[in-house]
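First comes the structure, then the notes that go with it.
Residue numbers (this note's numbering): 105 to 240.
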């Protein structure tokens, strides 16, 4: 975000980034069916009963962090800037909405940069490390 000054000297914050909601993909029929399966809807019910307001859940595999706000509201506080993460958020949002829970995104969600995993060679162990079960 940057500040710009107009001809009259008024400062205005400008952003070139789209809102998070605008980045979410439109789900097709199969995606919507997947997001509203019995298993996913039961997950929503369990999630809402396990967490208390203020608690966070990091969904590392999906690249999102959710926070319970109250009995009927969840907030996405972070999403990784990657198409898979936006898809995950859209699916999770659909699941929550089907159960009557509002999932807040804008203006609360912070977009974090995507960092590709580094190419890793075979794991190496220092002497003294025990990488597995010792056979006697």
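Just so you know, even glycine gets a beta-carbon here, dropped at the ideal spot from N, CA and C.
Q. Quick one: what's got a C-beta closer than 8 Å to residue 145's C-beta in the same chain, skipping five residues either side?
A. 199, 202, 203
Q | Element boundaries [alpha helix (DSSP H), containing residue 142] | A | Here the alpha helix (DSSP H) through residue 142 covers 142-154.
Q: Pull up the distance between the alpha-carbon of residue 176 and that of residue 218, whole angstroms please.
A: 30 Å
Q) Nearest CA to the CA of residue 126: which residue from 193, 221, 206, 220? A) 193
Q | Limits of the unbroken alpha helix (DSSP H) element including residue 135 | A | Per DSSP, the unbroken alpha helix (DSSP H) holding residue 135 starts and ends at 133-139.
(Q) Quick check on residue 201: does DSSP put it in helix, strand or coil? (A) helix
Q | Proximity of residue 158 and residue 189 at Cβ, strictly below 7 Å | A | no
(Q) Quick check on residue 124: does DSSP put it in helix, strand or coil? (A) helix
(Q) Between 122, 151, 123, which has its C-alpha nearest residue 196's C-alpha? (A) 151
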